[in-house]
Every structure is written in C-alpha cells, then in structure tokens.
Amino acid sequence: MDELKNPFAPSAGRPPPVLAGRTSLLEKATVSLKRTRIGRHANSILFIGLRGVGKTVLLKRIAKDAQADGIACLKLEAQEKLSLPAMLAPGLENALSGLDSSSKAKGRVREAWTALANFVRGMEIIYGDLKVQFRTARKAGVADTESLEIALPDLLVAAGEAAAEKETAIAIFIDELQYVEESQLAALITALHACQQDQLPVIAIGAGLPQLAGQVGKAKTYAERLFDFSEIGKLDDEEARYAVQRPAKHEGVSFQSAALDEILSQTQGYPYFLQEWGSQSWLAAKEKTITLADVREATGFAQAELDTGFFRVRYDRC
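Residue numbering for the sequence shown follows this note's numbering, starting at 54 and increasing by one per position.
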C-alpha cells in the first residue's frame, strides 16, 4: 500500500498513532501534578521499563499536558557525560523566567534567581560542562556551597517558594534517569524530600531502565517513600489489538482476524514491535485488507529491521 500513508511509527521517542494502554498512568500523573500545584501531598513518579515500551512518549505527553495547564516544566534527558547541575540549571533558568513574567511572585522569584546564581557559581569549579549566564549578582547564603547535596535542596526550595507564590508548580521531567550518577541522584532525592517537607509545589517525574529502582534505593534509603514506581511493560491482548487496528482504520484499512493474531503472536504485545510489524505489514499488503499472508511476508522484514537497528546497537554496546 501507499508508503506515504503508513500510520505506524517504529521510532525512538516518537509518539505512536495511538497511545494504547496508558490511560491509567496518564490519569495518575495528572492527579499528582494537580495536587502538587494546590499544595496537597503527591509523591514524585518514576516510570520503569525496558527500551521500546513507551516511557519517553509517556513522559513527553504528561509534560505537554502539564505545560498547557500552566505548570513550569523542566524537560531533561540525562546523559552519561553530562552532570545533573548542567541539566538542571538551564531548565530552572527558563522556569524562573516564566514566573518572572508575572506581576506576582516578584520577591520570591528574585530570591530564587539569587539561589540559582549562587548554585551555578558554586558548582562550576566541579562541573566543567556547566556554563550558564545569569542576570543577578552573587549573594552569600542560599545554595552558596560547593556541596551539591546542600546546594540543590536550597535551590529547589527557593524555586518552589517562588512557584507557590505564583500559585503554580515546578515539574522536573527527566528521561534516562539511570544515567545520573549516584551522588548526584542522592542530591536530587534530598532536594525533593526537602520540598515535600516544606509542602512546596515541586515534583519530579522520571523514566529509566529497570535498574533505576535499585539505583534510587541505593542513593537514599527513604526513596521508596518519596516516589511512586510505575512499571511500564507490554500491552495486553485488547490494548495491542487496538494499537494496531485503530491507526489502520483511520486510513480506511483493516486487518483480518488471523493477521492480527499473527502480529500478537510475533510481538507478544511489546509496543515497539507492534509498530514495526504494523508498519511492515502495511508495506507488504496489496489491498486495503491486510491478510495473514501479508503479515507472514512482513515478519522477515520486521525481524531484519530489529536485527540491524534495535538489537544491533544494544549488542554493540555490550
């Protein structure tokens, strides 16, 4: 069929045509963000799962909705060679700029700007990748230390106070959180804990590979009480069928029941694989009803794509 109309999206971080099976997770995050904004208790959230299950897509969708609701969002992606301060400082600068645009919160925002300037100047000796320009002079006091585990709580508390005065919240979205080294992860957990103790509207929503749960617990023993851990995995039978059928139906294309059964058998409901088999089945089909024969033909191409892309990169890293 027409490749230009192929609705499936086997790609890293690209939203699938239908975000199937994640409604409860979206609702949970929305409630947590709204509770945070009005000063009610809500734990930070960690989405944990293998690659290709849709963690990044979910994180981006929640951040997009939160930003539309007026929440100040920091959207970060951890990297192996980038420090946590280098990621946080520019994001907080943008968040404070948004708060500063209002006639409200001027006093608290100025204090937060000072804390951020102190934080950057205190950290730049240690973290050479942190280079940000600020508008405010250094002032002794808040976040004025080279100790990340002391400075970061000071900084997030100051930012949280500014957000509270503005009647909004600060949400820190961090993808690939497993790449943050233990000492820096411990500082982030300490900072979130400080904000929670002071009932400030600051929340983190992160995503990472399965080892993240252990890393967080090792960094701080009380982390299991600070975070809600949500495991992201394969879709069940009904969700997987919907993820394949719905985008095709939108283009006037249907799947034979046996063809869908074969896709589910090959993919086991794994979200990335569903997109790959859906895409290859679309390309193999000659008519607007995708048959079992089309799917079987597509399977060889789908497996080849996974071998040369999805699995090859991971194999080479090992």
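Ideal Cβ positions, reconstructed from N, Cα and C, are used throughout, including at glycine. All of these numbers come straight from a predicted model, not from anything done at the bench.
- A direct Cα-Cα distance of roughly 12 Å separates residue 250 from residue 96.
- DSSP lists 342 as the beta-bridge partner residues of residue 307.
- Of the candidates 222, 238, 90, the residue whose Cα lies closest to the Cα of residue 135 is 238.
- Distances from the CA of residue 116 to each of 85, 104, 92 were compared; the closest alpha carbon is that of 85.
- Annotated three-state conformation of residue 271 is helix, per DSSP.
- In the three-state scheme derived from DSSP, where H, G and I count as helix and E and B as strand, residue 129 is classed as strand.
- The segment 140-152 makes no contact with the segment 293-306: fewer than 3 CB pairs, one atom from each, lie closer than 8 Å.
- Taking the C-beta atoms as reference points, residue 63 is found nearer than 8 Å to residue 328.
- Per the coordinates, the alpha-carbon of residue 61 lies some 10 Å from the alpha-carbon of residue 336.
- Note on geometry: alpha-carbon atoms of residue 164 and residue 150 lie some 13 Å from one another.
- Per DSSP, reduced to three states, the secondary structure at residue 255 is strand.
- Between residue 131 and residue 230, the C-beta gap is smaller than 8 Å, which places the two residues in contact.
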